[in-house]
Amino acid sequence: KFVNAAPSDSNALLYLSQFGYLAPSKGNSSHLMDEKTYRKAIEDFQAFAGLEVTGELDSDTQKTMVLPRCGVKDKVG
Amino acid sequence: TGDNRAKRYALQGSRWKVKDLTYKISKYPSKLKRAEVDKEIQRAFDVWTGYTDLTFTPKSGQVHIEIRFEYGEHGDGDPFDGPGGTLAHAYFPVFGGDAHFDASEAWSINSYKGTNLFQVAAHEFGHSLGLSHSDVRQALMAPFYRGYDPVFDLDTDDIEGIQALYGKKTMKTGPRFGDDDDQDGGFDGSHDVPSKTPSSADHSLCDDPKFDTIFNSAEGYTYVFKGEKYWKLTENSVAPGYPKLISDNWIGLPGNIDASFTYKNGKTYFFKGSKYWRYKGKRVDGLYPKEISEGFTGIPDDLDASMVWSGNGKIYFFKGSKFWRFDPSQRPPVKSTYPKPISNWDGVPNNLNAVFQWTNGYTYFFKDNAYYRFNDRAFAVDATTPAFPRSSAYWWFGC
Chain D
144 KFVNAAPSDS NALLYLSQFG YLAPSKGNSS HLMDEKTYRK AIEDFQAFAG
194 LEVTGELDSD TQKTMVLPRC GVKDKVG
Chain C
237 TGDNRAKRYA LQGSRWKVKD LTYKISKYPS KLKRAEVDKE IQRAFDVWTG
287 YTDLTFTPKS GQVHIEIRFE YGEHGDGDPF DGPGGTLAHA YFPVFGGDAH
337 FDASEAWSIN SYKGTNLFQV AAHEFGHSLG LSHSDVRQAL MAPFYRGYDP
387 VFDLDTDDIE GIQALYGKKT MKTGPRFGDD DDQDGGFDGS HDVPSKTPSS
437 ADHSLCDDPK FDTIFNSAEG YTYVFKGEKY WKLTENSVAP GYPKLISDNW
487 IGLPGNIDAS FTYKNGKTYF FKGSKYWRYK GKRVDGLYPK EISEGFTGIP
537 DDLDASMVWS GNGKIYFFKG SKFWRFDPSQ RPPVKSTYPK PISNWDGVPN
587 NLNAVFQWTN GYTYFFKDNA YYRFNDRAFA VDATTPAFPR SSAYWWFGC
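Laid out in structure tokens, this is it:
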């Protein structure tokens, strides 16, 4: 996983999946996802973290994704 | 669920059916003393005891909540990731309630360095009790670690969340309440400006009304410290039966204190020389004394006075002709623009003895035998008749 490095889209996918914004992907395979689902997941994370909701993986969002945090999902089923 | 949804706590959906819970630490971090970890973990549980009837008792064998410090993959399919990133995780009651901490973090106690064990543990135990993450940024249950906070307290969002699960506190459980032996005729804090009433209690403050520090306790009592002794003030004078010895009541606290204040977390901080102490009621609240430079970075030693200002709830320190503002929610807590001249506080003299916000909401500055009442709106000493400075002996000690 990324630590301190600005997350790329694939890292962001991991992060969003780890913290409940996307359905968990199976460890040994990655699944195809449409842009809308990914965008919605970023928007949800931005809203939860108190960021401007842009749906883009912008720098504020990237910075927040590398902050030290609790490992429990933000979105619990 | 929409973006305009009010921000608040979230309940996972399960909670404990009992309120007297047990816990054990099965695996410790390598770089901290076990006794210190034990103390910090208990303090973290006590955060939740403060607002509910939940109690947490350490024991061996079968317990409700097991605590472990682990590296990397540790058997639950949710591996830790080394320093930074994920610091810890915990399981909701329905999944067992256990809490795991990443052993590769630089866990620290009462320090700006490393990762504060107490704060992270208090957060994780919120999950162990059934709280999910909150999107209220300043709440303890927000997912992001926000750095060491020397004056930590739960946000109202956290309190509402835990009381939604376990109800409000109804009994005196958990950390003992301050056994304030002054429960006798203290005043209720409904105050006018003190009027002159000769007191038969004690006249040493009349003969020499200069004192070291003054503060309101969390219970609303006003105390004056001078040398090894202290007095409790009533509505208009000194309470009978005083002075008493500081060391008899604030165990471990020396005399000749430089400065003090009580913060919104209900704890009282005392400063002397290069050190400070923290008390909850009359009970020391952790391992003290500590260095001022450690817990109040940016604040000098050998202070004259300190207070929480009624105008903005921030903490102010005074020394000589200068003052500093300390904001625990900011990084750094003291801006580089400080110190500033005390003359900014129009009409307040340099080289103060004491300052505090009295229960009537005004801020009072004391120097030698006199005092000044500050008008927050005018940002100046009150221009009233009789004018300030006024005699402390007459107006505060009933002489």
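Which chain is which? The protein sequence lines are D and C, in order.
The first sequence stops at residue 220 when you use our numbering, and every number in between is there.
The second sequence stops at residue 635 when you use our numbering, and every number in between is there.
The beta-carbon is built from N, C-alpha and C at its ideal position, and this holds for glycine as well.
**Item:** chain D contact residues for L323 (chain C), given Cβ-Cβ distances below 9 Å
**Value:** Mapped onto the second sequence, residue 323 (chain C) falls at position 87. Near L323 (chain C) (Cβ distances below 9 Å), the residues of chain D are P211, R212, C213, G214.
**Asked** In chain order, what residues of the same chain lie with their CB nearer than 6 Å to the CB of E360 (chain C), ignoring the 5 residues before and after it?
**Response** For the purposes of this step, residue 360 (chain C) is taken as residue 124 along the second sequence, with counting starting at 1. Taken in chain order, the residues that qualify are A324, A326, A335.
**Message:** Beta-carbon within less than 8 Å of N501 (chain C)'s beta-carbon, same chain only, minus the 5 sequence neighbours each way: which residues are those?
**Reply:** Start at 1 with the first residue of the second sequence, and residue 501 (chain C) comes out as number 265. Closer than 8 Å at the Cβ level, and outside the excluded window around N501 (chain C), lie V387, F388, D389.
**Prompt:** Which residues in the same chain as R270 (chain C) place their Cβ atom closer than 6 Å to its Cβ, once the five residues preceding and following it in sequence are excluded?
**Reply:** As a working note, residue 270 (chain C) is residue 34 in the second sequence. Counting only Cβ-Cβ distances below 6 Å, and skipping sequence neighbours, we find Y264.
**Request:** Could you tell me if A192 (chain D) is buried or exposed, where buried requires 16 or more neighbouring beta carbons within 10 angstroms of its beta carbon?
**Result:** Mapped onto the first sequence, residue 192 (chain D) falls at position 49. Buried, because 16 or more other Cβ atoms sit within 10 Å of the Cβ of A192 (chain D).
**Request:** Would you kindly work out how many angstroms separate the C-alpha atoms of F328 (chain C) and A357 (chain C), rounded to a whole number?
**Result:** The residue you call residue 328 (chain C) lines up with position 92 of the second sequence. The residue you call residue 357 (chain C) lines up with position 121 of the second sequence. Between F328 (chain C) and A357 (chain C), the C-alpha separation is close to 14 Å.
**Request:** Quick one: which residues of the region 179-194 of chain D get their C-beta closer than 7 Å to a C-beta of chain C? List them in chain order.
**Result:** A190, F191, G193
**Asked** Taking only runs of the beta strand (DSSP E) that begin and end inside the region 486-526 of chain C, which ones reach a length of at least 3 residues, in chain order?
**Response** 495-498, 503-508, 511-516
**Short Cβ contact (7 Å threshold) for T258 (chain C) with V283 (chain C)** = Residue 258 (chain C) sits at position 22 when you count from the first residue of the second sequence. Residue 283 (chain C) sits at position 47 when you count from the first residue of the second sequence. Not a contact, by the Cβ cut-off of 7 Å.
**Request:** Specify the secondary structure class of R304 (chain C) as computed by DSSP and reduced to three states.
**Result:** For the purposes of this step, residue 304 (chain C) is identified with residue 68 of the second sequence, where counting begins at 1. It is a strand residue.
**Prompt:** Of the choices C:S542, C:K558, C:S546, whose alpha-carbon is the least far from that of Y552 (chain C)?
**Reply:** Residue mapping note: residue 552 (chain C) aligns to position 316 of the second sequence, counting from 1. For Y552 (chain C), the nearest C-alpha among the options comes from C:S542.
**Prompt:** Are the beta-carbon atoms of Y515 (chain C) and T504 (chain C) separated by less than 7 Å?
**Reply:** On the second sequence, position 279 is the one that residue 515 (chain C) refers to. On the second sequence, position 268 is the one that residue 504 (chain C) refers to. Yes, these two residues count as a Cβ contact at 7 Å.
**Request:** Evaluate V330 (chain C) with the Cβ neighbour count: other Cβ atoms within 10 Å of its Cβ, from every protein chain shown; 16 or more gives buried, anything less gives exposed.
**Result:** For the purposes of this step, residue 330 (chain C) is identified with residue 94 of the second sequence, where counting begins at 1. When all chains shown are included, V330 (chain C) counts as exposed.
**Item:** Residue span of the alpha helix (DSSP H) that contains F354 (chain C), given as start and end
**Value:** Within the second sequence, numbered from 1, the residue matching residue 354 (chain C) stands at position 118. Per DSSP, F354 (chain C) belongs to the alpha helix (DSSP H) from 353-364.
**Message:** Helix, strand or coil for D289 (chain C)? Go by DSSP, reduced to three states.
**Reply:** Along the second sequence, read from residue 1 onward, the residue named residue 289 (chain C) stands at position 53. It is coil, neither helix nor strand.
**Item:** Interface positions of the region 243-256 of chain C facing chain D (Cβ-Cβ less than 7 Å), listed along the chain
**Value:** Q248
**Request:** Kindly provide the ranges of any beta strand (DSSP E) runs that are 3 or more residues long and lie completely inside the region 320-357 of chain C, ordered along the chain.
**Result:** 322-326, 335-338
**Message:** Strictly by DSSP, which residues pair up with T599 (chain C)?
**Reply:** Locating residue 599 (chain C) in the second sequence gives position 363, where the first residue counts as 1. In DSSP, T599 (chain C) forms a bridge with C:Q593, C:F610.
**Request:** Would you list, in chain order, the members of the region 298-331 of chain C that have their beta-carbon closer than 8 Å to a beta-carbon of chain D?
**Result:** D314, F316, D317, G318, P319, G320, G321, T322, L323, A324, H325, A326, F328
**Request:** Throw me the rounded Cβ distance for the R244 (chain C) and L401 (chain C) pair, which I believe falls under 8 Å.
**Result:** Within the second sequence, the letter at position 8 stands for residue 244 (chain C). Within the second sequence, the letter at position 165 stands for residue 401 (chain C). That pair is no contact at about 14 Å.
**Request:** Between the Cα of G583 (chain C) and those of C:F624, C:D338, C:S364, spot the shortest distance and give me the residue it belongs to.
**Result:** As a position in the second sequence, residue 583 (chain C) is number 347, starting the count at 1. Answer by Cα proximity: C:F624.
**Message:** If you reduce the DSSP assignment to three classes, tell me which class Y552 (chain C) lands in.
**Reply:** Walking along the second sequence from the start, residue 552 (chain C) turns up at place 316. Strand at Y552 (chain C).
**Message:** Using a Cβ-Cβ cutoff of less than 6 Å, which residues in the same chain neighbour A646 (chain C) once the five nearest sequence positions on both sides are dropped?
**Reply:** The displayed coordinates of chain C run from 237 to 635. Any statement about residue 646 (chain C) would go beyond what the structure contains.
**Message:** Distance check for R182 (chain D) and Y499 (chain C), CA to CA, integer angstroms please.
**Reply:** Position 263 of the second sequence, counted from the first residue, corresponds to residue 499 (chain C). Position 39 of the first sequence, counted from the first residue, corresponds to residue 182 (chain D). Roughly 43 Å between the two C-alpha positions.
**Cα-Cα separation, G463 (chain C) to Y348 (chain C)** = Taking the second sequence and counting its residues from 1, the one referred to as residue 463 (chain C) is at position 227. Taking the second sequence and counting its residues from 1, the one referred to as residue 348 (chain C) is at position 112. Their Cα atoms are separated by approximately 32 Å.
**Request:** Going by DSSP, name the residue or residues bridged to S627 (chain C).
**Result:** Here residue 627 (chain C) corresponds to residue number 391 of the second sequence, with the count starting at 1. According to DSSP, S627 (chain C) bridges with C:A606.
**Item:** Residue-chain proximity (D152 (chain D), chain C), Cβ-Cβ < 7 Å
**Value:** Translated into positions along the first sequence, residue 152 (chain D) becomes position 9. Chain C, which has no Cβ nearer than 7 Å to the Cβ of D152 (chain D), makes this no.
**Request:** Enumerate in chain order the residues of its own chain whose CB-to-CB distance from G509 (chain C) is below 8 Å, with the five nearest sequence positions on each side excluded.
**Result:** Along the second sequence, one-based indexing puts residue 509 (chain C) at 273. D494, D537, D538.
**Prompt:** Cα separation between L588 (chain C) and W594 (chain C)?
**Reply:** Residue numbering aside, residue 588 (chain C) sits at position 352 when the second sequence is read from its first letter. Residue numbering aside, residue 594 (chain C) sits at position 358 when the second sequence is read from its first letter. So the alpha carbons of these two residues sit roughly 17 Å apart.
**Request:** Out of C:S344, C:G313, C:D317, C:E302, state which residue places its alpha-carbon closest to the alpha-carbon of G332 (chain C).
**Result:** Within the second sequence, residue 332 (chain C) is the residue found at index 96, counting from 1. Among C:S344, C:G313, C:D317, C:E302, the Cα nearest to that of G332 (chain C) is on C:E302.
**Request:** Please say whether D394 (chain C) and A375 (chain C) have beta carbons closer to each other than 7 Å?
**Result:** As a first step, residue 375 (chain C) is located in the second sequence; it is residue number 139 there, counting from the start. As a first step, residue 394 (chain C) is located in the second sequence; it is residue number 158 there, counting from the start. Contact: yes.
**Asked** Interface residues of chain C around D217 (chain D) at Cβ under 7 Å?
**Response** To locate residue 217 (chain D), count along the first sequence from 1; it is residue 74. For D217 (chain D), the chain C residues whose C-beta falls within less than 7 Å of its own C-beta are H369, P379, listed in chain order.
**Request:** Helix, strand or coil for K206 (chain D), going by three-state DSSP, please let me know.
**Result:** As a working mapping, residue 206 (chain D) is identified with position 63 in the first sequence. Three-state DSSP puts K206 (chain D) in a helix.
**Prompt:** What does R373 (chain C) reach in chain D if we use C-beta pairs closer than 7 Å?
**Reply:** Numbered from 1 along the second sequence, position 137 holds the residue referred to as residue 373 (chain C). Within chain D, the residues near R373 (chain C) are G193.
**Request:** Can you tell me the Cβ-Cβ gap for S628 (chain C) and Y607 (chain C), rounded? I've got them flagged as a contact below 8 Å.
**Result:** Taking the second sequence and counting its residues from 1, one reaches residue 628 (chain C) at position 392. Taking the second sequence and counting its residues from 1, one reaches residue 607 (chain C) at position 371. The pair is a contact, with the Cβ atoms about 5 Å apart (cut-off 8 Å).
**Prompt:** Short check: CB of W592 (chain C) to CB of F451 (chain C), under 7 Å?
**Reply:** Position 356 of the second sequence, counted from the start, is the residue given in the question as residue 592 (chain C). Position 215 of the second sequence, counted from the start, is the residue given in the question as residue 451 (chain C). The residue you asked about is not Trp; residue 592 (chain C) is Phe in the sequence shown. Cβ distance < 7 Å, so F592 (chain C) and F451 (chain C) count as in contact.
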